[in-house]
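In full-length UniProt numbering, the protein residues as written are 1 to 219.
In this text, a Cβ means the ideal position worked out from N, Cα and C, and glycines have one as well.
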Amino acid sequence: MLKAVIFDMDGVIIDSEPLHQKAYYAMFKEVGIVVSDELYDTLRGKSTINVCRELIEIFQLKHSATEMVAIKRQHFDVIFKTDKTFDLIKGVRNIIEDYHQNGLTLVLASSASMQTINRIFDRFDLNKYFKAKLSGADLKASKPHPEIFVKATQATGFERSECLVIEDATNGIEAAKSAELFCIGFESIHSKNQDYRKADLVIKSFEEISFSRIKDILS
Numbered sequence: 001m002l003k004a005v006i007f008d009m010d011g012v013i014i015d016s017e018p019l020h021q022k023a024y025y026a027m028f029k030e031v032g033i034v035v036s037d038e039l040y041d042t043l044r045g046k047s048t049i050n051v052c053r054e055l056i057e058i059f060q061l062k063h064s065a066t067e068m069v070a071i072k073r074q075h076f077d078v079i080f081k082t083d084k085t086f087d088l089i090k091g092v093r094n095i096i097e098d099y100h101q102n103g104l105t106l107v108l109a110s111s112a113s114m115q116t117i118n119r120i121f122d123r124f125d126l127n128k129y130f131k132a133k134l135s136g137a138d139l140k141a142s143k144p145h146p147e148i149f150v151k152a153t154q155a156t157g158f159e160r161s162e163c164l165v166i167e168d169a170t171n172g173i174e175a176a177k178s179a180e181l182f183c184i185g186f187e188s189i190h191s192k193n194q195d196y197r198k199a200d201l202v203i204k205s206f207e208e209i210s211f212s213r214i215k216d217i218l219s
């Protein structure tokens, strides 16, 4: 029986990926590297610290990962404050309210920093719906490692068989399946070059997974 839903944030709750991409490429330029679109696609869904560690190894950079994270965060802060175009993903507030009103426990499991998570949740008044928020930046491993979803499941207070994950990225879907969770792949108009083959269900609209439609999905 479904009792809890674990949400990713970027690409599921908000379309902040364009903001992150702008901040990343500003950081790439500042540290003097050229990251191809193909390489960038493999980094989606991973925490910033782990992205920076990978880039240091690939490009043999002298910068530390913490230095690169700080540079990226500075650029993101400016973009966040000045870019007024981004908003919640269409339909996600309705689905969050739907689940909450029907008694499902909601937990966030995002690779974003807790600072960014709190900023987004405060801006869009989402805290009242969620029991817990987990940041991959606070963990040892990054998606596609299952650690964040293992901990998110624990935070719900329910068994794996009673929880499902909503993800939009290849790394997140792999992490959810490695944690032995039912995973819904959200293939939105914002998704680019992501692999949904491992997802248990693929949707293109949140209307497809209203509570009435998925309440028995784990039975």
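For residue 202, the pairing in a beta bridge is given by DSSP as 185. In the structure shown, residue 126 falls within a coil segment according to DSSP collapsed to helix, strand and coil. In the displayed model, residue 133 falls within a strand according to three-state DSSP.
In this structure, DSSP gives residue 70 a helical state, which the three-state scheme calls helix. In this structure, DSSP gives residue 104 a state outside helix and strand, which the three-state scheme calls coil. In summary, residue 38 is exposed, with fewer than 16 beta-carbon neighbours lying within 10 Å of its beta-carbon over all protein chains present. Ranked by Cα distance from residue 179, the first of 143, 208, 50, 88 is 143. With a 10 Å radius around the Cβ and a threshold of 16 neighbouring Cβ atoms, residue 102 comes out exposed. Ranked by Cα distance from residue 170, the options 91, 18, 145, 13 are led by 145.
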